[in-house]
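Undergrad:
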Amino acid sequence: MAEVLVVVEASSQGVVKKVTLEMLTLARTLGGDVSAVVLGGSAEALTDKLGEFGATKVYAAAGDDLDGYLVAPKATVLAGLIQRVSPSAVLLASTQEGKEIAARVAVKLDNGVLTDVVALEADGTATQVVFAGSTIVKSKVTKGLPIVTVRPNSLTPAPAPATPVVEAVEVAVEDRDKLAKVVERKVEAKGARPELSEASVVVSGGRGVGSADNFKLVEELADLLGGAVGASRAAVDSGFYPHQFQVGQTGKTVSPQLYVALGISGAIQHRAGMQTSKTIVAVNKDAEAPIFELADFGVVGDLFKVIPQAAEEIRKRK
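1 is the number of the first residue of the sequence shown in the UniProt record's numbering; add one for each residue after it.
1) Could you check whether Lys285 and Gly266 sit closer than 9 Å to each other, using their CB atoms as the reference points?
2) List the whole-angstrom C-beta distance separating Val130 from Val118, where the pair is believed to meet the contact cut-off of C-beta under 8 Å.
3) Between which two residues does the beta strand (DSSP E) holding Leu120 run?
4) Mind checking which residues open and close the beta strand (DSSP E) that includes Leu179?
5) Per DSSP, Lys74 forms a beta bridge with which residues?
6) Counting C-beta neighbours from all protein chains within 10 Å, is the total for Gln83 16 or more, i.e. buried, or is it exposed?
7) According to DSSP, what are the bridge partners of Val260?
8) Can you list, in chain order, the residues of its chain with a C-beta nearer than 6 Å to that of Arg104? Leave out the 5 residues immediately preceding and following it.
9) Would you kindly report the start and end of the unbroken alpha helix (DSSP H) that includes Val105?
10) Residues in its own chain within less than 6 Å of Gly63 by CB, not counting five upstream and five downstream?
11) Which residue marks the beginning of the beta strand (DSSP E) containing Glu184, and which one marks its end?
12) Can the beta-carbon of Val7 be found less than 9 Å from the beta-carbon of Gly98?
13) Give every residue of the same chain whose Cβ lies closer than 8 Å to the Cβ of Glu174, excluding the five residues on either side of it in the sequence, and list them in chain order.
14) The alpha helix (DSSP H) with Ala27 in it runs from where to where?
15) Taking 8 Å as the threshold, find out whether the region 88 to 98 comes into contact with the region 207 to 226 through three or more Cβ pairs.
16) Could you tell me the boundaries of the beta strand (DSSP E) in which Phe297 lies?
17) Excluding the 5 residues preceding and the 5 following Leu26 in the sequence, name in chain order all residues of the same chain whose CB lies nearer than 7 Å to its CB.
18) Counting along the chain, where does the alpha helix (DSSP H) carrying Lys49 start and finish?
19) Check each candidate in Gly239, Leu224, Leu217 and Gln246 and name the one with the smallest Cα separation from Ala231.
20) Put Ser197 into one of helix, strand or coil per three-state DSSP.
21) Could you name the residues of the same chain whose beta carbon sits closer than 6 Å to that of Val71, not counting the 5 residues immediately before and after it, in chain order?
22) Between the Cα of Gly51 and those of Lys186, Pro161, Gly68 and Leu258, spot the shortest distance and give me the residue it belongs to.
Laid out in structure tokens, this is it:
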């Protein structure tokens, strides 16, 4: 039975990212054995977690040729592995690196590629959400095997414990793969809050928050709920909060259990990044704000009065 290859995404601390667990869960529905592919770093630290979510084999490719350069060597190694094992499908994350690897592999193999996939059927038919979330399309690779990049937060990871076998993969790259060298790495400083795209609770502020100082109110509510802080593009463009916390079409896509939108009108660009959230709560003084069309619960009112009251009630219950 043909394998389904899942290219692993992990943090610099050696922690498997949530999107990888989602891809392993999706891969199990396609039929065949699920194999994880670790390109660079140490596969040993990841194996247990990968096995917990259904990987029966881990292909481990390591070495300076992968860690010391950008994505070209990874694409070459992955393309060689695909040619050797002839998988039924290859899943990568729809991240900056994942999409670049997928594109390079597709060129090398003269193969079709689909990006930002939210669902994939056993016959290779993919579901994609396009035009800022306004249209759903069904697509299929017409040449070669399905090489797809999976949009983070498209499904809920589900464990299926297995004991994976680790197989070393030979790293053989060409000089042309080494034209962009990594000369320095800096680990982004992390606070106590969960990472935005993987958080189960997200509290986001928009232009209605009014200022960077007022974002302390958003942060306070997020901390009380144990969640991450997000921001709309309007808030980011106004200088209220850093760009890396932007949620939306040109920012990050989130799909938490709870999404709280404070002072966010709900433009389609923002909705594209959070509309798959399980429960959406909106607070806005404009009763006609588009966000209320999407919200499960809405409060029409001044967020500077509503949120302190909500925060106080949360403290009472802790």
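Just so it is clear, CB atoms sit at the ideal spot from N, CA and C, and this is done for glycine as well.
TA: According to the data block:
1) Indexing the sequence shown from 1 puts residue 266 at position 266. Indexing the sequence shown from 1 puts residue 285 at position 285. In this structure, Lys285 does not lie closer than 9 Å to Gly266 by Cβ.
2) The count along the sequence shown starts at 1 and reaches residue 130 at position 130. The count along the sequence shown starts at 1 and reaches residue 118 at position 118. With a Cβ gap of about 10 Å, Val130 and Val118 do not count as contacting.
3) As a first step, residue 120 must be located in the sequence shown, where it is residue number 120. For Leu120, the enclosing beta strand (DSSP E) has its first and last residue at Leu114 to Leu120.
4) As a working note, residue 179 is residue 179 in the sequence shown. Bounds of any beta strand (DSSP E) do not take in Leu179, whose DSSP letter is neither H nor E.
5) Mapped onto the sequence shown, residue 74 falls at position 74. Looking at the DSSP output, Lys74 sits in no beta bridge, so it has no partner there.
6) Taking the first residue of the sequence shown as position 1, residue 83 is located at position 83. Exposed, by the Cβ-count rule.
7) Residue mapping note: residue 260 aligns to position 260 of the sequence shown, counting from 1. Per DSSP, Val203 and Val281.
8) Along the sequence shown, one-based indexing puts residue 104 at 104. Closer than 6 Å at Cβ, skipping near neighbours: Ala75.
9) Along the sequence shown, read from residue 1 onward, the residue named residue 105 stands at position 105. Counted as a single uninterrupted DSSP element, the alpha helix (DSSP H) harbouring Val105 occupies residues Gln96 to Leu109.
10) Counting from one through the sequence shown, the residue named residue 63 turns up at place 63. Here the set comprises Val171.
11) Counting from 1 along the sequence shown, the entry for residue 184 is found at position 184. Looking at the DSSP string, Glu184 is not in any beta strand (DSSP E), and its letter there is neither H nor E.
12) To locate residue 7, count along the sequence shown from 1; it is residue 7. To locate residue 98, count along the sequence shown from 1; it is residue 98. In contact: Val7 and Gly98 (Cβ atoms closer than 9 Å).
13) Indexing the sequence shown from 1 puts residue 174 at position 174. Non-local C-beta neighbours of Glu174 in its own chain, meaning closer than 8 Å and more than five positions away in sequence, comprise Thr76, ordered along the chain.
14) Taking the sequence shown and counting its residues from 1, the one referred to as residue 27 is at position 27. Counting along the chain, Ala27 sits inside the alpha helix (DSSP H) bounded by residues Lys18 to Arg28.
15) The region 88 to 98 is not in contact with the region 207 to 226.
16) Locating residue 297 in the sequence shown gives position 297, counting from the first residue. Membership of Phe297 in the beta strand (DSSP E) is indicated by the continuous run Phe297 to Val300.
17) In the sequence shown, counting from the first residue as 1, residue 26 sits at position 26. Taken in chain order, the residues that qualify are Leu91, Leu120, Val150 and Leu155.
18) The residue given as residue 49 occupies position 49 in the sequence shown. Element bounds for Lys49: Glu44 to Glu52.
19) Locating residue 231 in the sequence shown gives position 231, where the first residue counts as 1. For the residues Gly239, Leu224, Leu217 and Gln246, the minimum Cα distance to Ala231 belongs to Gln246.
20) Stepping through the sequence shown from its first residue, residue 197 is reached at position 197. DSSP places Ser197 in helix when its eight states are reduced to three.
21) Working through the sequence shown from its first residue, we reach residue 71 at position 71. Excluding five sequence positions before and after Val71, the CB atoms of its chain that fall closer than 6 Å to its own CB belong to Glu97, Glu100 and Ile101, given in chain order.
22) Taking the first residue of the sequence shown as 1, we reach residue 51 at position 51. The shortest Cα separation from Gly51 among Lys186, Pro161, Gly68 and Leu258 belongs to Pro161.
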